[in-house]
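Heads up: the structure comes next, in structure tokens.
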Amino acid sequence: MSLDLSSALRAGEVAASLQRAGSTSGMADCLQAGICLRHGLPLATRNRRHFERVDELELVDIDRT
Numbered sequence: 237m238s239l240d241l242s243s244a245l246r247a248g249e250v251a252a253s254l255q256r257a258g259s260t261s262g263m264a265d266c267l268q269a270g271i272c273l274r275h276g277l278p279l280a281t282r283n284r285r286h287f288e289r290v291d292e293l294e295l296v297d298i299d300r301t
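Numbers given in this note's numbering equal positions in the sequence shown, counted from 1, plus 236.
Pasting the structure below:
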């Protein structure tokens, strides 16, 4: 999937929600989360901590072997 307008708007919602909660995240993380949320996809990550604060985002851990 790629970044489209709907995904970018969703990323903005993620960033705003995190900011209201007193937390921040990098724009790249918000964009990745926005794309996944927009398309109903899980996010595969090695750094769950960056994304576990995003409501409704399903995470899949990547094994660090």
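Beta carbons: idealized from backbone N, C-alpha and C, even for Gly.
(message) Please state whether the Cβ-Cβ distance between LEU267 and ALA247 is less than 8 angstroms.
(response) yes
(request) Look at the alpha carbon of VAL296 and the alpha carbon of LEU245, and state the distance between them as a whole number of angstroms. (result) 23 angstroms
(message) Suppose the cutoff is 8 angstroms on Cβ atoms and the five residues either side in sequence are ignored; what does the same chain contact list for ARG289 look like?
(response) LEU254, ALA257, SER259 and SER261
(message) Going by DSSP in three states, VAL296 sits in which element: helix, strand or coil?
(response) strand
(message) Give me the residue from LEU241, LEU293, ASN283 and GLU292 with the minimum Cα distance to HIS299.
(response) Contrary to the premise, residue 299 reads as Asp rather than His in this sequence. Closest option to ASP299, Cα to Cα, is ASN283.
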